[in-house]
Amino acid sequence: MAKSTTFQRILIYILIALGVSIISLTIILAVSGSIDRARTNGMPVPTDDPQLDIDDYAVFDGIGSLRLSTCDEEPVPIVLSVLFYYPKADSLYYEELCTKTRSLKSIIVSYFSGQTKAQLQKKGESTVKAQLRNLLNKELVLGKIDALYFGEYLFFE
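The numbering of the sequence shown is this note's numbering, which starts it at 544 and goes up by one.
Put into structure tokens, the structure is as follows:
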């Protein structure tokens, strides 16, 4: 009987330690702001407006991760994932994004396949994002992309 009581006490101590660890970690993450960044996939808030509630927005990641190539003599492979915010309450805009995902991907593929690695690097990531955003917005009718984010933007050789 003494062995089972000792075993039970050890289990209780382990459970208490686990509970304290979980609570401590939650408090640390909440204080550091990591929980809020997790809700937005680490992306910045879509606007500088202090009145904006981030809970009104969702991240559209339906384009996914794309494997692209440049138009260099020997094409350079690129891995790219495109993300952007959209108003969470705008179900029609979200539906448009979902139905046009294939054409949005096609626009992105065409953009990169028409550029060399040197051209893309010379433009810089912010210019590439702005140009892509403008091209994608031409395809959209019910809403516009304010800011484009790259989850990945990697050149391979």
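Using N, Cα and C, we set each Cβ at its ideal position, and we do this for glycine too.
Keep in mind it's a predicted model, so treat the numbers as computed, not measured.
Per-residue burial, Leu558 [other beta carbons within 10 Å of its own, 16 or more giving buried]: exposed
Beta-carbon proximity check, Pro620 vs Phe693, cutoff 8 Å: no
Phe603 in three-state terms, based on DSSP: strand
Boundaries (first-last residue) of the alpha helix (DSSP H) holding Ile650: 644-656
Contact under 8 Å by Cβ, Leu679 with Leu647: yes
DSSP three-state assignment for Glu695, whether helix, strand or coil: strand
Where the alpha helix (DSSP H) containing Val625 begins and where it ends: First-last for Val625: 620-630, but that is the beta strand (DSSP E), not the alpha helix (DSSP H).
Beta-carbon proximity of Phe627 to Leu691, cut-off 8 Å: yes
Run of the alpha helix (DSSP H) containing Leu663, from where it starts to where it stops: 660-666
Cutoff 6 Å; reference Ala581; Cβ partners in own chain excluding five residues on either side: Because Ala581 sits at a pLDDT of 46, beneath the cut-off of 50, its placement in the model cannot be relied upon, and the following sentence gives the value as read from the coordinates. Closer than 6 Å at the Cβ level, and outside the excluded window around Ala581, lies no residue.
Inter-residue spacing [alpha-carbon to alpha-carbon] between Gly605 and Thr644: 7 Å
Cβ pair Ser656, Leu611 closer than 8 Å: yes
As assigned by DSSP and simplified to three states, the class of Leu635: helix
Asp598 to Glu668 span [Cα, whole Å]: 28 Å
Burial state of Ile578 (16 or more Cβ within 10 Å): Any reading at Ile578 must be qualified, since the residue scores a pLDDT of 49, below 50, and its modelled position is unreliable; the value itself is stated next. Ile578 comes out exposed.
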